[in-house]
Amino acid sequence: MAPSHIRRYQDQDWKAVRDIFSQGLLGNMSSEFWPFMKNTRSSLILLGVPILLVLGSGSLLLSLLSFFVISTGQWLTFRKSAFQYVDRALQTDLLDIQKSYLSTRDSNLWVAESEHQLVGIVAARPAERPKRGGKYLELLRLSVKREHRGQGLARTLVQTVLQFARDHGYDGVILETSDSNHAAQRLYESLGFHKSHESWRYLTWWTNVLTNWHYQCDFSSQS
Ligand SMILES: CC(C)(COP(=O)(O)OP(=O)(O)OC[C@H]1O[C@@H](n2cnc3c(N)ncnc32)[C@H](O)[C@@H]1OP(=O)(O)O)[C@@H](O)C(=O)NCCC(=O)NCCS
Numbered sequence: 001m002a003p004s005h006i007r008r009y010q011d012q013d014w015k016a017v018r019d020i021f022s023q024g025l026l027g028n029m030s031s032e033f034w035p036f037m038k039n040t041r042s043s044l045i046l047l048g049v050p051i052l053l054v055l056g057s058g059s060l061l062l063s064l065l066s067f068f069v070i071s072t073g074q075w076l077t078f079r080k081s082a083f084q085y086v087d088r089a090l091q092t093d094l095l096d097i098q099k100s101y102l103s104t105r106d107s108n109l110w111v112a113e114s115e116h117q118l119v120g121i122v123a124a125r126p127a128e129r130p131k132r133g134g135k136y137l138e139l140l141r142l143s144v145k146r147e148h149r150g151q152g153l154a155r156t157l158v159q160t161v162l163q164f165a166r167d168h169g170y171d172g173v174i175l176e177t178s179d180s181n182h183a184a185q186r187l188y189e190s191l192g193f194h195k196s197h198e199s200w201r202y203l204t205w206w207t208n209v210l211t212n213w214h215y216q217c218d219f220s221s222q223s
């Protein structure tokens, strides 16, 4: 395992940062799709319609065809929402990274570098909706290149954000991750984050809603 180090973003990192973010999110799509499909509404429609068709028409072919059409439709909807999420990030904070993360002392974007190549990223900025009774930093855009995963890089990147938040007088760190991203959930929980609440985003009637978990790490409970 080649040694890596964490440093602050520099202008020449722009393309690599955007690539690591997009590839991380889009590369995860297929592994996140099946947990997403376990949601009640998606599986009811995916299994219920073919069963009703075979019972009603007696045609196994029609039933199989409906299964194929529905699962393809659900996959395309899921895929489209992932692309839209990535696009939005690339057109907003990751478009002008200097302005978004390096123009104030309370924001930052770090990169992990190994053998002169960027292999991971994470960003932090003050939480948009301050929590009652606390000053929280938001962690976002965490991603590690596939070939460099499982080496503790994400753990070091998150620890960098936690230390930054402590040094800047924050009460803790908050973040959001999808219900189906089990790797990220295990990572955050192992670093002292706990689930605070969930939120939903409606996609279409033939899929389920996308569920996001909101996590927070309170420094007061760790001292
Ligand atoms: C999630 C992600 C950032 C983890 O990066 P990583 O560098 O491989 O993670 P680390 O090696 O630092 O692992 C730290 C901990 O995370 C958890 N973890 C990481 N990968 C895991 C996996 N595939 N399955 C289960 N747990 C996992 C484990 O608890 C691990 O600790 P352990 O090794 O002691 O068991 C990486 O998979 C990634 O970039 N995914 C795509 C983008 C993404 O999902 N970002 C998070 C958005 S909220």
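Residue 218 in my numbering sits at position 218 of the sequence shown, with consecutive numbering throughout.
Glycine is no exception: its CB is placed at the ideal position from the N, C-alpha and C atoms.
Residue i - DSSP class collapsed to helix/strand/coil
{"i": "Y170", "result": "coil"}
{"i": "D13", "result": "helix"}
{"i": "L175", "result": "strand"}
{"i": "E147", "result": "helix"}
{"i": "L94", "result": "coil"}
{"i": "Q185", "result": "helix"}
Euclidean distance between Cα positions of residue i and residue j
{"i": "T177", "j": "L142", "result": "10 Å"}
{"i": "S22", "j": "V86", "result": "6 Å"}
{"i": "L53", "j": "L64", "result": "9 Å"}
{"i": "S103", "j": "V111", "result": "17 Å"}
{"i": "R149", "j": "C217", "result": "23 Å"}
{"i": "R201", "j": "F78", "result": "12 Å"}
{"i": "Q91", "j": "Q84", "result": "10 Å"}
{"i": "Y170", "j": "G133", "result": "11 Å"}
Local Cβ density within 10 Å of residue i, reported as buried at 16 or more and exposed below that
{"i": "D179", "result": "buried"}
{"i": "S31", "result": "exposed"}
{"i": "Q74", "result": "buried"}
Beta-ladder partner(s) of residue i, from DSSP
{"i": "P50", "result": "Paired residue(s): none; P50 is not in a bridge."}
{"i": "T211", "result": "W200"}
{"i": "G120", "result": "A112 and V144"}
{"i": "R7", "result": "V111"}
Rounded distance between the beta-carbons of residue j and residue i, thought under 8 Å
{"i": "V122", "j": "V161", "result": "6 Å"}
{"i": "F67", "j": "L44", "result": "The Cβ separation is near 13 Å, so there is no contact."}
{"i": "A82", "j": "S107", "result": "The pair is not a contact, with the Cβ atoms about 25 Å apart (cut-off 8 Å)."}
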